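**Q** So that we are looking at the same thing, I have put the structure below in C-alpha cells.
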Amino acid sequence: MRRPRLVVGSILMTLALLAPGTEAAKKLRVVATIPDLKSLTEAVGGDLVEVDALTRGTQNFHEAEVRPSMMLKLRRADALIENGVELDAWADVAVLGANNPNIVRGAAGRIEISRGISLLEVPSTRVDRSMGDVHPLGNPHFSLDPGLAPIITQNIVDGLARLSPDDRPVLESNRRAFLERLDREMARWNKIMEPVRGAKVIAYHPDVIYFLTRFGLVQVGTLEDRPGIPPSPQHLVQIIRLIKAEGVKVILVEPWNDLKLAERVAAEAGAKAFVFASAVGAVKGADNYIAAIEFNVTTLAQALK
Amino acid sequence: MRARALAVLVCFVGLLAPPATAQEAESLKKEIEQLRKQLESVTERLRRLEAQPAPVTPPPAPSPTGPPAMAPPPPGVSLAELARPRQPFSLYAQRGAGQLLFDIGVTGDFVGNLTQSNVEKAQGGTFAGQENRFFPREVELSLFGQIDPYAYAEVRIEAGEDQRGADTGVSLAEASVTLLTLPYGTQAKFGQVRNRFGYSNVIHEHDLPWIDRPNVLRNFLGAEGLKEKGVEVTIVPDLPFYLEGLAGVFNGDNETAFGHGTLRVPLFTGRLRTFLELGDENAVQLGMSVASGETTEKQRDTLLGWEGRYKYRPEGWLHPLLTVTGEAIYSFRRVLVEVDTDGDGLTDLIRKRERDRFGWYAGAEVQPFRRWAAGVRYDWSEFPATPGKERSVEPYITFWPSEFLRFRLAYKNTDRTHRETPDANDGSAKRVDEILFQGTFILGAHPAHPF
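Going down the list, the sequences are from chains A and B. If you count the first sequence from 1, you need to add 199 to reach the working numbering. If you count the second sequence from 1, you need to add 219 to reach the working numbering.
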C-alpha cells in the first residue's frame with residue numbers, strides 16, 4: 200500500500216520540478232542571439248519582457264561556440280530574436296539542442312530582424328570561399344546602424360505582438376518613445392560627425408560599413424586579407440601604403456581582433472588604432488544600444504580630428 | 220421569335236464594337252507614347268548620373284524615426300530609382316524560384332600513416348589493413364535542413380577507402396529526421412544515426428579533435444563507432460541547470476559490441492548530460508551513457524560510458540586556450556566459451572562466462588594562437604572479449620590555414636600485452652610506432668559544432 204503512494208508522490212514532485220515557474224507567465228521570455236538585439240528588445244519590450252542574450256559584445260558573432268548554456272536559455276524562451284543573414288546561423292544548432300517548439304524555424308516565436316533591411320555589400324558576382332568568409336546575402340553587421348533601428352524595432356514589435364497581441368499598443372508606444380529619443384541623439388551625433396564627414400578609415404574586419412556609411416565616412420580597406428582570413432605580410436605592406444596614400448587616420452579594431460597587430464600597422468603608417476564598440480557591451484560604457492553608438496561617434500570624431 | 224431577337228442583339232453589338240476598339244487603341248497608343256517619353260527621360264537621367272564622378276560623402280543620415288519596413292516610398296523618389304538594384308546588384312533576388320531549400324556541404328578527410336613493416340604485416344596499426352598508406356578516409360556529402368515547420372532532416376553519404384586498393388566504397392553514413400515540436404521539452408529522432416553514446420562517438424571522423432578515434436572506442440565499438448538504425452528521444456527539462464536525458468531503441472547491428480540486429484531483442488541506449496559554466500571563461504560538460512543489447516552469440520552485452528570535457532577560453536579569445544577531454548567505457552559481456560573437459564582436443568561443452576572489461580582515454584590540447592594547436596592524448600584499454608590490453612601516447616599538432624581547411628600531424632606510440640610472437644607473416648604489433656597525418660577540408664555549408 201505504501202509503495203504506490205510513494206511512486207505517485209515521486210511522480211508529482213518530479214512534475215512540479217519540471218513545470219515552468221509562475222514568474223514566467225507574467226513576462227515574455229525572450230532570447231536574442233546578439234547583445235545589440237537584446238538592448239533593442241529591452242527598449243521596445245520594457246516591462247513586458249525578460250531578455251537574455253546568447254553571446255557577449257566582446258565575442259566574434261561569426262564564431263560563437265554553441266554551449267549547452269545557450270540551450271538552457273533557449274529551453275525556456277517564448278521568443279528567439281536573431282539577426283539573420285548568416286551572422287548567427289549557429290543558433291540553429293542551439294535551438295536543436297533546446298527541445299523548445301516555440302522557437303524552431305517557422306514557429307511564431309522565431310523573429311528574424313533582417314526583414315526589410317537593404318543590405319550593403321551584396322555580391323554582384325559569383326562568390327566562393329576563395330574570397331574568404333564571404334556572405335552571399337550581404338553584409339550582416341547592420342544592427343548598430345541607428346538609421347536602421349526603425350526597421351529592426353518594427354520587426355521586433357511585430358514578432359512580440361504575434362505572441363502577445365494585447366500588448367501591441369504598449370510595444371508600439373515604447374518603440375515610438377525609443378525612436379524619438381534616438382532621433383534626438385541622431386541630430387546631435389550628426390552634428391558631432393559633420394566636421395569629419397568624408398574621412399577615410401580602415402576596419403580590421405568589414406563589420407562597420409553600415410555605421411560608416413550612415414555618418415558619411417569611407418572605408419578604404421580592411422586589415423584582414425579577405426573577410427575572416429588573417430592578414431598576410433604582403434597584405435599588410437599594401438595596407439600601410441594605402442593608409443599613407445589615402446591619408447587614413449584611423450584603424451578600427453573589434454575587441455576580439457588583434458589590437459597589437461593593428462597598432463603596429465598604425466604606427467608604421469602614421470595612423471591610430473583603437474577598439475570600437477562593434478556591439479553593445481564590446482567596450483566599457485557601451486552597455487546599451489544608444490551608449491554603444493555614442494561611444495563610436497565620440498571616439499571616432501575625436502580620433503579623426 | 221427568340222432567335223430573331225438574338226440576331227438583332229448580335230448585329231447591334233457588332234455595330235458598336237469597332238468604335239470601342241478604336242478608342243482603346245488610341246488610348247493605348249497615348250499610354251505607350253507617354254511611357255516611351257518616361258523611359259527616354261529615365262535613360263537620359265541614368266546616363267547623366269553615370270557620367271558624374273562617385274560622391275565622396277554619402278547623403279546625410281535620415282532620421283531614425285523614419286518610415287518602417289513596409290512604408291510607401293517618400294515623395295520625390297521616382298519609381299525608376301526605387302526599382303534600381305541596390306549597391307551592388309542583389310544576388311539573392313536573382314536566385315528566384317530555383318533556390319535550394321536546404322543546405323549542402325562536402326567534407327573531405329584524407330589520412331596517412333607510416334609505421335614498421337612488421338606492424339604492416341600483422342595489420343596492427345591504427346588504421347588496420349591500411350598501414351603505410353595515404354587514403355581518403357571519409358569524403359562526405361551532407362544535406363540538411365528543415366523539412367517543414369515540425370521536422371529537421373539530415374542526410375550524410377560518405378565515400379572512403381576501406382581496404383587497400385584502388386576501390387572506394389560509398390555508404391550511407393547517416394539519415395535521420397528530428398521531430399522538433401513535441402511537448403514537454405522532448406524531441407524524437409529516427410533513422411540511421413551516430414549514437415549519442417559518450418562525447419566522441421557522435422562525431423564524424425573529419426570532425427574529431429584527433430586524427431584517429433580513441434582506442435577504447437575502437438576496441439569496444441569498432442573502427443567506425445556505434446552507428447545504428449532506430450529511434451531516440453531526448454528530454455531537456457525546464458530546470459535551473461542544463462540536463463539532457465536520452466533514451467533510444469535500435470536494431471543492434473554493431474558487430475563489435477552487439478550484432479544481434481533485431482528489434483525483438485533491441486539495443487537500448489541512454490544518456491544523461493549536464494553542463495556547468497564556472498564564470499565566463501571556464502566550462503565543463505559531464506555525461507553518463509549506457510548501451511545494452513545482444514551479441515551475435517545471443518548473449519547480453521552492456522556498456523557503461525562516462526565523459527567529461529573542460530574548456531578554458533580567456534575573455535575575448537576566439538578559441539579556447541585549453542581543452543581537456545576524457546572518456547571511459549566499462550563493458551559487462553557474456554561470452555560463450557568452448558570447454559574441452561577430457562583433454563581430447565574436442566569441445567565437450569559450451570559454458571557462459573562473464574567478461575568485465577575497461578578502457579579510457581584522456582587528452583589535453585593547448586591553442587595559444589588562432590591557427591595553431593598542440594595536444595596529447597593518452598589511451599589505455601582492454602579488449603571486450605579477448606585477453607590483453609594496450610596503451611598509447613599520441614602527441615599531435617594542428618594547423619588551420621582557414622576555418623575550412625585543416626592539417627594535422629601526430630606521432631603515436633602503442634604498447635600491447637598480446638601479439639608477443641610474430642604471426643605467420645612474420646608480423647607483430649606488440650610495439651607500434653606510427654606517424655599519422657591528416658588533411659581535411661570543408662566545402663559549402665557545415666553546421667556549427669556544439670561544445
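Virtual Cβ for every residue (Gly too), placed ideally from N, Cα, C. Quick caveat, the model's predicted, so the values are computed rather than measured.
Report all residues from its chain with a CB closer than 8 Å to the CB of residue 439 of chain B; omit the five preceding and five following residues, and keep chain order.
**A** Residue numbering aside, residue 439 of chain B sits at position 220 when the second sequence is read from its first letter. Correct list, in chain order: 475, 476, 522, 548, 550, 576, 578, 600, 603.
**Q** Once the 5 residues before and after residue 490 of chain A are set aside, which same chain residues still bring their CB inside 7 Å of it?
**A** Walking along the first sequence from the start, residue 490 of chain A turns up at place 291. 484.
**Q** For the region 578–613 of chain B, which segments carrying the beta strand (DSSP E) assignment without a break, of at least 3 residues, lie completely within its bounds, in sequence order?
**A** 591–601
**Q** Please classify residue 204 of chain B: does DSSP put it in a helix, a strand, or coil?
**A** The shown model of chain B, from 220 to 670, leaves out residue 204 of chain B, and the question about it has no answer.
**Q** I want to verify the contact list: residues of chain B whose CB lies under 7 Å from the CB of residue 330 of chain A, in sequence order.
**A** Within the first sequence, residue 330 of chain A is the residue found at index 131, counting from 1. Neighbours of residue 330 of chain A on chain B: none; closest Cβ ~11 Å, over 7 Å.
**Q** Can you find a heavy atom of the ligand HEM that lies under 6 Å from the Cβ of residue 462 of chain A?
**A** This structure lacks the ligand HEM, and indeed carries no ligand of any kind.
**Q** Can a CB atom of chain B be found closer than 7 Å to the CB of residue 217 of chain A?
**A** Locating residue 217 of chain A in the first sequence gives position 18, where the first residue counts as 1. A caution first: residue 217 of chain A carries a pLDDT of 49, below 50, which makes its placement in the model too unreliable to give a value.
**Q** Which residue wins for smallest C-alpha separation from residue 585 of chain B, given the options B:363, B:561, B:618?
**A** Against the second sequence, residue 585 of chain B aligns to sequence position 366. Minimum Cα distance to residue 585 of chain B is reached at B:618.
**Q** Is it a yes or a no for the region 416–428 of chain A touching the region 319–333 of chain A, going by three-plus beta-carbon pairs under 8 Å?
**A** The region 416–428 of chain A and the region 319–333 of chain A touch, with no fewer than 3 CB-CB distances between them shorter than 8 Å.
**Q** How do the region 350–365 of chain A and the region 491–504 of chain A stand: do at least 3 beta-carbon pairs fall below 8 Å, yes or no?
**A** Between the region 350–365 of chain A and the region 491–504 of chain A, the count of C-beta pairs closer than 8 Å stays below three; the two stretches do not touch.
**Q** For a contact defined as C-beta to C-beta under 8 Å, what are the partners of residue 477 of chain A on chain B?
**A** As a first step, residue 477 of chain A must be located in the first sequence, where it is residue number 278. The contacting residues do not exist; residue 477 of chain A stays about 12 Å from chain B at best.
**Q** Considering only the alpha carbon of each residue, which of B:545, B:244, B:432, B:330 lies closest to residue 349 of chain B?
**A** Here residue 349 of chain B refers to the residue found at position 130 when the second sequence is read from its first residue. Out of B:545, B:244, B:432, B:330, B:330 has the C-alpha closest to the C-alpha of residue 349 of chain B.
**Q** Under three-state DSSP, which class holds residue 527 of chain B?
**A** Position 308 of the second sequence, counted from the start, is the residue given in the question as residue 527 of chain B. The answer is strand: DSSP assigns residue 527 of chain B an E or B state.
**Q** Within the same chain, show all residues whose beta-carbon is closer than 7 Å to that of residue 537 of chain B, passing over the 5 residues directly before and after it, in chain order.
**A** Within the second sequence, numbered from 1, the residue matching residue 537 of chain B stands at position 318. Around residue 537 of chain B: 589.
**Q** By the DSSP assignment, the beta strand (DSSP E) with residue 624 of chain B in it spans what residues?
**A** In the second sequence, the residue the question calls residue 624 of chain B occupies position 405. Counting along the chain, the beta strand (DSSP E) containing residue 624 of chain B begins and ends at 624–635.
**Q** Tell me, which residues are paired with residue 669 of chain B by DSSP?
**A** Locating residue 669 of chain B in the second sequence gives position 450, counting from the first residue. In DSSP, residue 669 of chain B forms a bridge with A:265.
**Q** Which runs of the alpha helix (DSSP H) fall wholly inside the region 449–485 of chain A and span at least 4 residues, in chain order?
**A** 458–468
**Q** Could you check the C-alpha separation between residue 583 of chain B and residue 620 of chain B for me, to the nearest Å?
**A** On the second sequence, position 364 is the one that residue 583 of chain B refers to. On the second sequence, position 401 is the one that residue 620 of chain B refers to. So the two alpha carbons sit approximately 22 Å from each other.
**Q** Could you list which residues in chain B have their beta carbon closer than 9 Å to that of residue 279 of chain A, in chain order?
**A** Mapped onto the first sequence, residue 279 of chain A falls at position 80. The contacting residues do not exist; residue 279 of chain A stays about 13 Å from chain B at best.
**Q** Tell me which residues of the region 465–488 of chain B have at least one Cβ-Cβ distance to chain A shorter than 8 Å, keeping chain order.
**A** none
**Q** Which residues in chain B sit within 7 Å of residue 431 of chain A, going by Cβ to Cβ distance?
**A** Sequence index remark: in the first sequence, residue 431 of chain A carries index 232 (1-based). Residues of chain B passing the Cβ test: none, with the nearest at roughly 11 Å.
**Q** In three-state DSSP terms, what is residue 396 of chain B?
**A** The residue given as residue 396 of chain B occupies position 177 in the second sequence. Three-state result, residue 396 of chain B: strand.
**Q** So what's residue 474 of chain B in DSSP terms, helix, strand or just coil?
**A** Within the second sequence, residue 474 of chain B is the residue found at index 255, counting from 1. DSSP places residue 474 of chain B in coil when its eight states are reduced to three.
**Q** Helix, strand or coil, according to DSSP, for residue 620 of chain B in the structure here?
**A** For the purposes of this step, residue 620 of chain B is taken as residue 401 along the second sequence, with counting starting at 1. Strand.
**Q** In chain B, what lies closer than 7 Å to residue 283 of chain A by C-beta?
**A** Working through the first sequence from its first residue, we reach residue 283 of chain A at position 84. The premise fails here: residue 283 of chain A is roughly 12 Å from chain B at the closest Cβ pair, so nothing lies under 7 Å.
**Q** Along the region 367–381 of chain A, where does the CB come closer than 7 Å to a CB of chain B? Name the residues.
**A** 378, 379, 381
**Q** Does DSSP put residue 419 of chain B in a helix, in a strand, or in coil?
**A** Residue mapping note: residue 419 of chain B aligns to position 200 of the second sequence, counting from 1. Assigned with DSSP and collapsed to three states, residue 419 of chain B falls in coil, not helix or strand.
**Q** So residue 244 of chain A packs on residue 229 of chain A, CB below 8 Å; how close in whole Å?
**A** On the first sequence, position 45 is the one that residue 244 of chain A refers to. On the first sequence, position 30 is the one that residue 229 of chain A refers to. The Cβ separation is near 7 Å, so the contact holds.
**Q** Could you pull the start and end residues of the beta strand (DSSP E) that residue 352 of chain A belongs to?
**A** In the first sequence, counting from the first residue as 1, residue 352 of chain A sits at position 153. Not the beta strand (DSSP E): residue 352 of chain A falls in the alpha helix (DSSP H), residues 348–362.
**Q** Would you call residue 649 of chain B buried or exposed, if buried means 16 or more other Cβ atoms sit within 10 Å of its Cβ?
**A** Residue 649 of chain B sits at position 430 when you count from the first residue of the second sequence. That one is buried.
**Q** Could you tell me how far apart the beta carbons of residue 253 of chain A and residue 272 of chain A are, in whole angstroms, since I believe they sit closer than 8 Å?
**A** Position 54 of the first sequence holds residue 253 of chain A. Position 73 of the first sequence holds residue 272 of chain A. Yes, they are in contact, since the Cβ atoms of residue 253 of chain A and residue 272 of chain A sit about 6 Å apart, within 8 Å.
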